[in-house]
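Chains A and B, in that order, are what the protein sequence lines are. Just so we're aligned, residue 0 is where the first sequence starts under numbering that gives the first Met the number 0, counting upward by one. Just so we're aligned, residue 0 is where the second sequence starts under numbering that gives the first Met the number 0, counting upward by one. Where a beta carbon is used, it is the ideal one built from N, C-alpha and C, also for glycine. Computed from a prediction, not measured in an experiment: that's the story for all the values here.
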Amino acid sequence: MIKLLWQRFKQPIDPWLLLFTLLVFVVSAVLLYSASNQDVARVSDKLTFMGISLVLMWCIASIRLQTLMRLALPAYVVGVLLLLAVEFFGVTSHGATRWLNIGITRIQPSELMRIALPLMLAWYFHLHEVHLNWRHFVVGALLIVLPVGLILKQPDLGTGLLITSSGFYVLFFAGLSWRLIAAGAAAFGGLAYVVTHWNLCINILHEYQCRRVATMLDPTSDPLGAGYHIIQGTIAIGSGGWFGKGWLAGTQTHLDFIPERTTDFIFAVYGEEFGLVGNALLLLLYLLVIARGLMISNGASTTFGRLLAGSIALNFFTYVFVNMGMVSGILPVVGVPLPLISYGGTSMVSILASFGLLMSVQRDRKLMKG
Amino acid sequence: MKHRPMFGASSRGKTRRNSSNELKNDREVRGAYELRLLAAAVFVLLLFGVLLARFFWLQGIQHDKYMTLAEANRISLVPVPPSRGIIRDRNGVILAHNFSAYTLEITPSRIDNLEATIAALNALVEITPKDRRRFKKLQDESKDFESLPIKTRLTDEEVARFAANSYRFPGVEIKARLFRHYPHGEIASHLIGYIGRINDRDLADLEEEGMLANYRGSEHIGKIGIESSYERYLHGTTGFEEVEIDANGRAVRTLRRVPPRPGHDLQLSVDIKLQEVAEQLMAGRRGALVAIEPATGGVLAFVSQPGFDPNLFVDGIDPQTWKELNESPDKPLLNRALRGEYPPGSTFKPFMAMAALEGNFPLVHQTIADPGYFIFGGHRFRDSKAGGYGSMTFDRSLTVSSDTYYYQLAVQMGIDYIATFMSGLDFGQRTGIDLPGERPGVLPSADWKRKRFKNPAQQKWYAGETVSIGIGQGYNSYTPLQMAHATATLVNHGVAYRPHVVNRIVDPNTGETTLVEPSPERTLPWKRENSERVIRGLASVITNGTGANAFRNAGYVAGGKTGTAQVFSLKGGKYNARNVHERLRDHSWFIAFAPVDKPRIALAVIVENGGFGAAAAAPIARKTLDYYLLGKLPEAPAAQAASVAEQPSAEHTGD
Chain A
0 MIKLLWQRFK QPIDPWLLLF TLLVFVVSAV LLYSASNQDV ARVSDKLTFM GISLVLMWCI
60 ASIRLQTLMR LALPAYVVGV LLLLAVEFFG VTSHGATRWL NIGITRIQPS ELMRIALPLM
120 LAWYFHLHEV HLNWRHFVVG ALLIVLPVGL ILKQPDLGTG LLITSSGFYV LFFAGLSWRL
180 IAAGAAAFGG LAYVVTHWNL CINILHEYQC RRVATMLDPT SDPLGAGYHI IQGTIAIGSG
240 GWFGKGWLAG TQTHLDFIPE RTTDFIFAVY GEEFGLVGNA LLLLLYLLVI ARGLMISNGA
300 STTFGRLLAG SIALNFFTYV FVNMGMVSGI LPVVGVPLPL ISYGGTSMVS ILASFGLLMS
360 VQRDRKLMKG
Chain B
0 MKHRPMFGAS SRGKTRRNSS NELKNDREVR GAYELRLLAA AVFVLLLFGV LLARFFWLQG
60 IQHDKYMTLA EANRISLVPV PPSRGIIRDR NGVILAHNFS AYTLEITPSR IDNLEATIAA
120 LNALVEITPK DRRRFKKLQD ESKDFESLPI KTRLTDEEVA RFAANSYRFP GVEIKARLFR
180 HYPHGEIASH LIGYIGRIND RDLADLEEEG MLANYRGSEH IGKIGIESSY ERYLHGTTGF
240 EEVEIDANGR AVRTLRRVPP RPGHDLQLSV DIKLQEVAEQ LMAGRRGALV AIEPATGGVL
300 AFVSQPGFDP NLFVDGIDPQ TWKELNESPD KPLLNRALRG EYPPGSTFKP FMAMAALEGN
360 FPLVHQTIAD PGYFIFGGHR FRDSKAGGYG SMTFDRSLTV SSDTYYYQLA VQMGIDYIAT
420 FMSGLDFGQR TGIDLPGERP GVLPSADWKR KRFKNPAQQK WYAGETVSIG IGQGYNSYTP
480 LQMAHATATL VNHGVAYRPH VVNRIVDPNT GETTLVEPSP ERTLPWKREN SERVIRGLAS
540 VITNGTGANA FRNAGYVAGG KTGTAQVFSL KGGKYNARNV HERLRDHSWF IAFAPVDKPR
600 IALAVIVENG GFGAAAAAPI ARKTLDYYLL GKLPEAPAAQ AASVAEQPSA EHTGD
């Protein structure tokens, strides 16, 4: 009986992915305890979120891939409608309108889009796999532009870019022409160059975002505002040295020099306390998660599974890269959390939901084999 | 298994397929996908390599440098708040400035027993119960680790006494701070406004505007009046000091200093002398006076009585004083000039007359019978002149303020025409003055009524309601600012300037001056002969009409109009001031301008519950004009009271 239950429980789970996730969770809890100045309440909050997210992951992993495919279009439509609702009835906080008030709590529909967009695109390219041509890629691009446009209007540049990238990865795995990719990369690079070097502030970028880009190039230009984050984050990481100052011993952290040290800038705390060796180990851990995702993509039995898994794995990578790049001062400060580690429930829930999708893809293969 | 072409946009994607090469094609597709997977893996490794290189740079190679920086963190940035811009009147008289003084400040989180500490401090520096109450209130509004003033403006002797004993009081410090001071006290308080301590709502607003960094170190922000609407200019740019701090967070020495840039100074269009005269004239009453320079839209005087002392608010008002101000039936905190909405009474008639001329309505050319009432829809609308004038013409209607005439005019014009015409004069909408919190007033129309009421029975506009609109009663209600603005527009022959109180903004860092240019907001397409005719009519009010008493022997030619706004509906009974409770007495209005041929000033005065317009408001307007045009100061208050009490003569009972 118990054995049966155990079977039922572990059936949808991919043990490798679960193992890596749990390892990251351990790092996360240990780190948060230090970053929050030994605030047990926050750590237990975080553990609760982990529990909820794992349950959600299990639930999603239990859904058959065919069912997920059927859910793709409705999820996308609902996501876009919610984004429109934000546009008209959204709650404004800190100059951005990102939330919808649904009575009990506020929800952030752009988080739903992180899952819904790759699902939708993977489904769309799966549907047209037989007679795929350039028109489908145009449609694919439009499917990305619609929600991203709404998100940029909120304004939320960070999430907008991340969701664009998640959509782009589906297009990439579906076979977007290399030439177009090269041209796109060149255009993006050129744009970034123009924005940063001529300090042009185009309409999409809000004033504070421009300031952040300008600040990244010269953190001392705004030492009281955004530059402060970068200066202090860099000092924290650099002062960590090879082996770090040790757990609970980061002076930058505990003398309150690092802003947002439990959320977006938690990596500065990690870098300070665990040093270069710790950083390398964390990168390795993240790499294992990404590699497992790409393996699942490679092993998938359908185009849908392949595209979905590939996009999820690369999107996870993008989060890691953007956050670490921002905290260590090679990317501008955009509000992107360090996946699975930063304090904050929404991002963890959406990431573990995407891991659930990965597991569902993986299970689909087993079923096909069986 | 289906084949998966993987080339999309590339020309190879159009590879022809048939069943025989499906397997081959499938393999080709699979190969292309694997290539992409490989590319993805390389991409990931490459960028992780970049991160690792960056970590190696920071933590391996540059570690010593950052270690030193962290050790010296220790390097702390201390914001240096800028000094706030100075506000001057049009002649350079200072209305708001800063001075530096010592304050005694307590950081509650560093103190175990607050009561005992304050009691001990009291032995050195006198701390009044008022100081304690204010401190208590500040404490409720602030976070514990903030340093809060317990006593401001210490004398040198008090500073010395505390300094000698400071070792006994950890968590208590003497700080030199800049204080805002309003040297004229209550005068122009509603105009200038005040600054107060930044609260959570201000913080949220600042964050929304992305201005938070510039307010690190600032403790005050403009709350109302000019201090609020020009906050962006007045505040200045925060500087900072890089200081080395020891392990306890104390500054050891300054490494680098970027000085703050002081805020911009403002020069107002307001003449503080004129303001003072007008306020003296209205002292002890409730009401408002707004005077505008018609040629520019510059506000010359902006009075709302009673006022308050803005200095009380700067460092947190103590709760008891606040309660007194807030709960006083005279509402001293209400900016009546900007936010008080009153029925305009007969001061509405000149604009009705203008509307009639522009619409060329038949009544303008007729002489009507004036029995002292007007019957419409079975209802008798009474004239304030019992028995009426027998007959009435357009030109005489303004002079004697005939209600009967304007009842009929309103009916002839209809509510839609009236509403359209009046909105051109900014009735029922904000004038756009550079002060926060302006009220739009109510310009009634069929459309307005539909939106205003929820009950369908109340949504319909009845023709009978138009009648009293003609004499400025009914749903009509406007702010004194709107009345002054409309008067200025009228005497400008329809050229409307946006009213403004600030004339120029001066950057003290560069000496650069930004002028607030008078720009005609709109030019109403009026015939000049029409506006001239109305202006003549208003001049006749002063020479031989309802304003004649108040303006006897004025050394200039003025125009004006009295008005009496009903507070209390009489239901047909005869109004007798003596029988009505003071708060239910009519409001007294007067609008005026002078000189008639080229007006330099246009104003509107309202005295709440002042009775007839000719009685209370007109003398105030007269003396204000006397001062502005002739430099003549009003006589002693006793004589003033006598002239106010003077009863209007029989000929001038118009209103």
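The beta carbons of A538 (chain B) and V595 (chain B) sit closer together than 7 Å. When secondary structure is reduced to three states using DSSP, F452 (chain B) falls in the coil class, being assigned neither helix nor strand.
Taking 7 Å as the upper bound on Cβ-Cβ separation, chain A lies near no residue of the stretch 159-191 of chain B.
In the DSSP assignment, F589 (chain B) falls within the beta strand (DSSP E) that extends over 586-593. Cβ neighbours of D88 (chain B) within its own chain (closer than 7 Å, five residues either side excluded): L94, L267, V269, D270, I271.
Assignment of L424 (chain B) by DSSP, reduced to helix, strand and coil, places it in the coil class. Residue pairing by DSSP places S303 (chain B) opposite B:A287 in a beta bridge.
Approximately 20 Å separates the beta-carbon atoms of L286 (chain A) and V360 (chain A); this is outside 8 Å, ruling out the contact. With at least 16 other beta carbons inside 10 angstroms of its own, I257 (chain A) counts as buried. H96 (chain B): member of the beta strand (DSSP E) spanning 93-105, first to last residue. For the stretch 215-234 of chain B, the set of residues with a beta-carbon nearer than 8 Å to any beta-carbon of chain A comprises R215, in chain order. In the structure shown, A601 (chain B) falls within a strand segment according to DSSP collapsed to helix, strand and coil.
Residues of chain A with a Cβ closer than 7 Å to the Cβ of G59 (chain B) are, in chain order, W241, L275.
Apart from sequence neighbours up to five positions away, the residues of its chain that approach E292 (chain B) with a beta-carbon distance below 6 Å are L299, ordered along the chain. Between D369 (chain B) and G344 (chain B), the beta carbon gap of about 19 Å keeps them out of contact (Cβ cut-off 8 Å). According to the DSSP assignment, Q266 (chain B) belongs to the beta strand (DSSP E) that extends over 264-267.
Under the three-pair Cβ rule at 8 Å, the stretch 109-118 of chain A does not count as touching the stretch 35-54 of chain A.
With respect to chain B, the C-beta atom of Q65 (chain A) has no partner C-beta closer than 7 Å. Annotation: A564 (chain B) is outside any alpha helix (DSSP H); the continuous beta strand (DSSP E) that includes it extends over 558-564. Between F264 (chain A) and chain B, the shortest Cβ-Cβ separation is not below 7 Å. Taking a contact as a CB-CB distance under 8 Å, the pair Q411 (chain B) and L362 (chain B) counts as one, their CB atoms being some 5 Å apart.
Counting only runs of 4+ residues, the alpha helix (DSSP H) found wholly inside the stretch 106-143 of chain B occupies 113-121, 128-140, in chain order. Around the beta-carbon of Q457 (chain B), fewer than 16 other beta-carbon atoms lie within 10 Å, marking it exposed.
With the rule of 3 Cβ pairs closer than 8 Å, the stretch 412-426 of chain B does not count as touching the stretch 208-220 of chain B. M294 (chain A) has a beta carbon lying at 7 Å or more from every beta carbon in chain B. Residues G270 of the same chain have their beta carbon placed closer than 7 Å to that of N278 (chain A), with the five preceding and five following residues left out of the count.
Within the stretch 286-310 of chain A, contact with chain B at the beta-carbon level (separation under 8 Å) is assigned to L286, I289, A290, L293, S296, N297, T302, R305, G309. By the rule that beta-carbons nearer than 7 Å mark a contact, R35 (chain B) touches chain A. Under the Cβ criterion of 7 Å, F316 (chain A) is counted among the residues facing chain B. Counting along the chain, no alpha helix (DSSP H) covers I12 (chain A), and no H or E run does either. If the five residues before and after I432 (chain B) are omitted, its C-beta is found closer than 6 Å to the C-beta atoms of P498, all from its own chain and listed in chain order. When secondary structure is reduced to three states using DSSP, D369 (chain B) falls in the strand class.
The continuous beta strand (DSSP E) containing P519 (chain B) extends over residues 519-522. Here L57 (chain B) is near G237 (chain A), since their CB atoms are less than 7 Å apart.
Listed along chain A are L286, I289, A290, L293, A312, L313, F316, F320, each with a C-beta nearer than 9 Å to that of V43 (chain B).
Residue A:T250 holds the alpha-carbon nearest to the alpha-carbon of G232 (chain A) among A:F242, A:T250, A:S43, A:W15.
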